[in-house]
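Those protein sequences? They're chains A and B, same order as listed.
Heads up: the first sequence runs through residues 1 to 164, numbered per my numbering.
Heads up: the second sequence runs through residues 165 to 277, numbered per my numbering.
All C-beta atoms in this analysis are idealised placements derived from N, C-alpha and C, irrespective of residue type, glycine included.
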Amino acid sequence: MKMKSQIATLDELDWKILRALQKNARQTYTEIGHRLGVAHSTVYDRIRRMEKHGIIKKYTTIVDLDRVGMRYITAIMTVFTDPKESENIAKRLSEFNEVVEVFTSLSEELLIIAKVVAEDQNKLHSFIAHSVAPLPGVLRIRTSIITRKHKEEEFLIEREKLEH
Amino acid sequence: MGGSSASRTLRKLSREEAFYFFTSIGNYTGVSASSLEEFVEKIREVNTKSLEFHLYRWDFEKWATEVLEDEKLAEQIKSVRSLGVTGGALRDQLYFTVLKRYEELKRQLSPFS
Numbered sequence: 001m002k003m004k005s006q007i008a009t010l011d012e013l014d015w016k017i018l019r020a021l022q023k024n025a026r027q028t029y030t031e032i033g034h035r036l037g038v039a040h041s042t043v044y045d046r047i048r049r050m051e052k053h054g055i056i057k058k059y060t061t062i063v064d065l066d067r068v069g070m071r072y073i074t075a076i077m078t079v080f081t082d083p084k085e086s087e088n089i090a091k092r093l094s095e096f097n098e099v100v101e102v103f104t105s106l107s108e109e110l111l112i113i114a115k116v117v118a119e120d121q122n123k124l125h126s127f128i129a130h131s132v133a134p135l136p137g138v139l140r141i142r143t144s145i146i147t148r149k150h151k152e153e154e155f156l157i158e159r160e161k162l163e164h
Numbered sequence: 165m166g167g168s169s170a171s172r173t174l175r176k177l178s179r180e181e182a183f184y185f186f187t188s189i190g191n192y193t194g195v196s197a198s199s200l201e202e203f204v205e206k207i208r209e210v211n212t213k214s215l216e217f218h219l220y221r222w223d224f225e226k227w228a229t230e231v232l233e234d235e236k237l238a239e240q241i242k243s244v245r246s247l248g249v250t251g252g253a254l255r256d257q258l259y260f261t262v263l264k265r266y267e268e269l270k271r272q273l274s275p276f277s
């Protein structure tokens, strides 16, 4: 791995390790090394370096909330904004616990797209009406409640499938 | 309701207290009202879908009671809902009802005008 300013250049082995971790981050260095045909110490060094440089941001657990009976709804909220206030709105949205992801998008108008999670429709509406709509620079809001998830996969894993 | 209560109901509201018109869950029209006077105006211009959405969720009454602190207005809005009207008829009924109450409060503030 080589660092050019903030951009890292990864070699084929780095990419393979990342893909292996995205499939299962609990694999041991030995398991990954065995699969990729390299020593576990090599895997260890590569992973440590990628952690140090922030390429591997964190290891997390994906919980199936339906299986533990947690009641919640997820919605994709598109906020049309005054361009002058867009950065502030994105920052404020990122501070709310109800908002789990925030993106800025430039199509015909400047938009902020956020993923929002709430216990039910009333709480979702109340959050948007009382916390999002009053933010200075919010012009309109469109919200779509997600009723079913058909796919959730990491880009690196999908790209690997495309390459083969 | 005396002059001071009337002035409280007719006051200019903060962004947090304003009424934001939605057409369905999470869909904000971009139209808001920061006073009762503005609310009257916005009833005339907002999509009737929005009026139906809020009326049948009791949002107008809640706002009248909790923010404007005007129980009488809340009662009058409730009576509009009991008519069961929708669309343009709802807009007309709501506009007439809220405008009447607004004018009544204005008179309480300056009875000789």
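Could you tell me whether any Cβ in chain B is nearer than 9 Å to the Cβ of residue i?
{"i": "A25/A", "result": "no"}
{"i": "H125/A", "result": "yes"}
{"i": "F103/A", "result": "no"}
{"i": "V132/A", "result": "yes"}
{"i": "P83/A", "result": "no"}
{"i": "F80/A", "result": "yes"}
{"i": "T61/A", "result": "no"}
{"i": "I113/A", "result": "no"}
{"i": "V138/A", "result": "yes"}
{"i": "R148/A", "result": "no"}
{"i": "T28/A", "result": "no"}
{"i": "R92/A", "result": "no"}
{"i": "I128/A", "result": "yes"}
{"i": "R71/A", "result": "no"}
Is any beta-carbon of chain A found at less than 9 Å from that of residue i?
{"i": "R179/B", "result": "yes"}
{"i": "F224/B", "result": "no"}
{"i": "I241/B", "result": "no"}
{"i": "A182/B", "result": "yes"}
{"i": "S196/B", "result": "yes"}
{"i": "I207/B", "result": "no"}
{"i": "G190/B", "result": "yes"}
{"i": "T193/B", "result": "yes"}
{"i": "F260/B", "result": "no"}
{"i": "F203/B", "result": "no"}
Sorted by chain position, which residues of the same chain lie with C-beta nearer than 7 Å to residue i's C-beta, five sequence neighbours on each side aside?
{"i": "E98/A", "result": "V116, V117, A118, F127"}
{"i": "L165/A", "result": "With chain A running from 1 to 164 in the structure shown, residue 165/A is simply not present."}
{"i": "Q240/B", "result": "T261, R265"}
{"i": "R142/A", "result": "T78"}
{"i": "S188/B", "result": "F217"}
{"i": "E109/A", "result": "F80"}
{"i": "I165/A", "result": "Outside the displayed span of chain A (1 to 164) sits residue 165/A, for which this structure offers no information."}
{"i": "D234/B", "result": "T173, A228"}
Leaving out five residues on either side along the sequence, give the residues of the same chain with a beta carbon under 8 Å from the beta carbon of residue i.
{"i": "E268/B", "result": "none"}
{"i": "S214/B", "result": "F185, F186, T187, T193, V195"}
{"i": "S199/B", "result": "L174, R175, K176, L177"}
So what does DSSP say about residue i, is it helix, strand or coil?
{"i": "K151/A", "result": "coil"}
{"i": "Y29/A", "result": "helix"}
{"i": "K213/B", "result": "helix"}
{"i": "V100/A", "result": "strand"}
{"i": "S105/A", "result": "strand"}
{"i": "V113/A", "result": "It should be pointed out that residue 113/A corresponds to Ile in this sequence rather than to Val. It is a strand residue."}
{"i": "G248/B", "result": "coil"}
{"i": "Y59/A", "result": "coil"}
{"i": "S188/B", "result": "strand"}
{"i": "A170/B", "result": "helix"}
{"i": "A39/A", "result": "coil"}
{"i": "N209/A", "result": "The structure shown has nothing for residue 209/A, since chain A only spans 1 to 164."}
{"i": "L232/B", "result": "coil"}
{"i": "W222/B", "result": "coil"}
{"i": "V68/A", "result": "coil"}
Who are the near neighbours of residue i in its chain, counting only those whose CB is closer than 6 Å to its CB and skipping five residues on each side?
{"i": "T74/A", "result": "V117, I146"}
{"i": "K16/A", "result": "L36"}
{"i": "E101/A", "result": "K115"}
{"i": "E154/A", "result": "Q22"}
{"i": "V204/B", "result": "V262, L263, Y266"}
{"i": "A170/B", "result": "L269, Q272, L273"}
{"i": "F224/B", "result": "H218, I241"}
What does DSSP give as the partner residues of residue i in its beta bridges?
{"i": "R142/A", "result": "T78/A"}
{"i": "S350/B", "result": "With chain B represented from 165 up to 277, any question about residue 350/B goes unanswered, as that position is not in the structure."}
{"i": "A118/A", "result": "I73/A"}
Give a single yes or no on whether residue i has its beta carbon closer than 8 Å to a heavy atom of the ligand MN.
{"i": "E201/B", "result": "Summarising the ligand content, the structure contains no ligands, and the ligand MN is consequently not present."}
Below 8 Å, can you find three or more Cβ-Cβ pairs linking the stretch 81 to 90 of chain A to the stretch 129 to 142 of chain A? The stretch 81 to 90 of chain A, when compared against the stretch 129 to 142 of chain A, does touch it at the 8 Å Cβ threshold.
Using a Cβ distance threshold of 8 Å, determine whether the stretch 209 to 220 of chain B contacts the stretch 245 to 254 of chain B, with at least three qualifying pairs required.
yes
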